[in-house]
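A.B. asks: In the working numbering, the protein residues as written are 1 to 360. For reference, the structure I am asking about is given below.
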Ligand SMILES: C[S@@+](CC[C@H](N)C(=O)[O-])C[C@H]1O[C@@H](n2cnc3c(N)ncnc32)[C@H](O)[C@@H]1O
């Protein structure tokens with residue numbers, strides 16, 4: 001009885017603290033700093049369990065399968081993948097290897113799943129998702145457990161930043177034909193550094209595809225307006241996020257600058273597609289940044305940015321409102337192959353005709 005009362009008092013205290021923090025975002029920011037620091041210590045002691053990638057825990061099997069197929073289709077379509085082959089890496093797969101299974105079914109010989117954390121999962125639910133995918137895509141069903149999916153290797157406990165830097169040193173000519181991620185680069189503590197290392201890991205002619213969501217993932221929303229997370233200076237934002245994998249707030253202007261740098265160095269040809277804008281629904285199909293300009297949705301998003309500008313950290317003063325209005329991108333790039341025709345290097349946005357899954 002008293003244990004029960006103790007439990008419910010604790011729940012009440014937690015809920016009161018949560019309500020108070022939701023009302024005062026700066027207090028919440030400092031609570032994140034404390035939590036991030038604690039998470040860093042836990043990681044040093046070897047605790048790499050996380051909920052952040054447990055996408056499938058609260059989904060039914062059909063919903064999970066649909067999610068996996070949609071992610072795979074996006075790679076095929078936006079990446080213009082006429083064929084899928086060789087060795088691939090998926091960064092931040094979270095709790096499920098479904099996308100890797102479909103990459104294998106489409107022609108990849110091996111897929112590495114690189115994740116800093118180990119997302120909590122339910123083995124039985126995983127098995128049901130894999131069984132359904134196997135039935136729908138004609139995959140062998142002999143081994144459908146996370147630990148022994150043929151050709152698929154989980155690489156937990158190493159950040160993408162560290163993993164690809166190491167691979168680039170060990171195999172300077174590149175070791176991957178394809179590197180993909182969904183909803184992950186925004187969680188890296190150094191996504192731009194990781195992209196540079198991933199570029200070095202791509203074989204000539206290799207492709208890299210990342211869907212990135214710049215929003216605050218509920219750090220301050222929905223209790224506070226969408227742009228609240230832009231109020232804090234970069235050093236403080238970093239202290240809230242770098243150890244725990246909360247969103248890093250690396251935004252469009254920084255990705256564009258990196259794309260230009262890599263392109264001028266002749267290392268990577270990139271097209272950045274826009275997937276979402278402040279306060280608007282997702283843009284489907286995703287479109288190039290420059291294609292946004294006549295769009296009334298962009299005008300509305302820019303007006304929202306301008307209304308919030310007075311409260312933004314100083315570092316955003318030089319960034320255009322159009323760029324700040326973009327809240328998500330699809331990064332599509334190709335490592336030039338000097339021995340292939342230069343035509344190939346200009347193709348990244350043509351819709352792929354490869355192994356796309358049709359919706360029945
Ligand atoms: C929001 S989840 C996305 C999971 C999955 N891709 C999906 O679409 O459901 C982000 C993933 O990134 C992983 N992650 C966070 N920081 C990382 C890092 N520095 N390097 C590699 N993976 C990281 C998390 O563990 C998690 O699996």
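Don't be surprised by glycine CBs; every beta carbon is placed ideally from N, CA and C.
Quick check: what's the CA-CA separation for residue 20 versus residue 219?
C.D. replies: Within the chain shown, residue 20 is the residue found at index 20, counting from 1. Within the chain shown, residue 219 is the residue found at index 219, counting from 1. Straight-line Cα distance between these residues: approximately 14 Å.
A.B. asks: Any heavy atom of ligand 1 closer than 6 Å to the beta-carbon of residue 187?
C.D. replies: Translated into positions along the chain shown, residue 187 becomes position 187. Under cutoff, so the answer is yes.
A.B. asks: When every heavy atom of ligand 1 is checked, does at least one fall within less than 6 Å of the C-beta of residue 216?
C.D. replies: On the chain shown, position 216 is the one that residue 216 refers to. Residue 216 Cβ: outside cutoff for every heavy atom of ligand 1.
A.B. asks: Counting along the chain, where does the alpha helix (DSSP H) carrying residue 69 start and finish?
C.D. replies: For the purposes of this step, residue 69 is taken as residue 69 along the chain shown, with counting starting at 1. In the DSSP assignment, residue 69 falls within the alpha helix (DSSP H) that extends over 61-78.
A.B. asks: On a Cα-Cα basis, can you pick out the residue from 267, 310, 169 that is closest to residue 204?
C.D. replies: The residue given as residue 204 occupies position 204 in the chain shown. Nearest option by C-alpha distance: 267.
A.B. asks: For residue 154, which residues of its own chain have a beta-carbon under 6 Å away from its beta-carbon, when the five flanking residues on both sides are left out?
C.D. replies: For the purposes of this step, residue 154 is identified with residue 154 of the chain shown, where counting begins at 1. Only 113 meet the Cβ criterion.
A.B. asks: In whole angstroms, what separates the C-alpha of residue 312 from that of residue 247?
C.D. replies: On the chain shown, position 312 is the one that residue 312 refers to. On the chain shown, position 247 is the one that residue 247 refers to. Distance between the alpha carbons of residue 312 and residue 247 is about 17 Å.
A.B. asks: So, is residue 95 buried or exposed, given that buried needs 16 or more other C-beta atoms within 10 angstroms?
C.D. replies: Along the chain shown, one-based indexing puts residue 95 at 95. Residue 95 sits buried, since 16 or more C-beta atoms from the chains shown fall within 10 Å of its C-beta.
A.B. asks: Is residue 255 helix, strand or coil by DSSP?
C.D. replies: Within the chain shown, residue 255 is the residue found at index 255, counting from 1. Correct three-state label for residue 255: helix.
A.B. asks: What's the C-alpha gap between residue 148 and residue 110?
C.D. replies: Counting from 1 along the chain shown, the entry for residue 148 is found at position 148. Counting from 1 along the chain shown, the entry for residue 110 is found at position 110. Take the alpha-carbon of residue 148 and the one of residue 110: they are about 13 Å apart.
A.B. asks: In its own chain, which residues sit with a C-beta less than 7 Å from the C-beta of residue 126, not counting the 5 before and 5 after it?
C.D. replies: Start at 1 with the first residue of the chain shown, and residue 126 comes out as number 126. So the qualifying residues of the chain are 96, 146.
A.B. asks: Where does residue 364 land, buried or exposed, given buried means 16+ other C-beta within 10 angstroms?
C.D. replies: The chain is shown only over 1 to 360; residue 364 falls outside these bounds and no answer can be derived.
A.B. asks: Closest by CA to residue 263, which one among 336, 135, 294?
C.D. replies: Translated into the one-based positions of the chain shown, residue 263 becomes position 263. That would be 336, whose Cα lies nearest to the Cα of residue 263.
A.B. asks: Nearer than 6 Å: is that true of the beta carbon of residue 117 relative to any heavy atom of ligand 1?
C.D. replies: As a working note, residue 117 is residue 117 in the chain shown. Flag set: Cβ of residue 117 near ligand 1.
A.B. asks: List the whole-angstrom C-beta distance separating residue 115 from residue 140, where the pair is believed to meet the contact cut-off of C-beta under 8 Å.
C.D. replies: Walking along the chain shown from the start, residue 115 turns up at place 115. Walking along the chain shown from the start, residue 140 turns up at place 140. Not quite, the Cβ-Cβ distance comes to about 25 Å (not below 8 Å), so this is no contact.
A.B. asks: Excluding the 5 residues flanking residue 186 on each side, which residues of the same chain have their C-beta closer than 7 Å to its C-beta?
C.D. replies: Position 186 of the chain shown, counted from the first residue, corresponds to residue 186. Answer for residue 186: 212, 213, 214, 247, 248, listed in chain order.
A.B. asks: With a threshold of 8 Å on Cβ separation, who are the neighbours of residue 14 within its own chain once the five nearest residues in sequence on each side are excluded?
C.D. replies: Taking the first residue of the chain shown as position 1, residue 14 is located at position 14. No residues qualify anywhere along the chain.
A.B. asks: Whole angstroms are fine: how far does the CA of residue 298 sit from the CA of residue 318?
C.D. replies: Walking along the chain shown from the start, residue 318 turns up at place 318. Walking along the chain shown from the start, residue 298 turns up at place 298. Roughly 19 Å between the two C-alpha positions.
A.B. asks: Output the distance between the C-alpha atoms of residue 7 and residue 330, rounded to the nearest integer angstrom.
C.D. replies: Residue 7 sits at position 7 when you count from the first residue of the chain shown. Residue 330 sits at position 330 when you count from the first residue of the chain shown. In a straight line, the C-alpha of residue 7 is about 45 Å away from that of residue 330.
A.B. asks: Quick one: Cα of residue 169 to Cα of residue 332, how far?
C.D. replies: On the chain shown, residue 169 is found 169 positions in, with the first residue counted as 1. On the chain shown, residue 332 is found 332 positions in, with the first residue counted as 1. One C-alpha to the other measures close to 24 Å.
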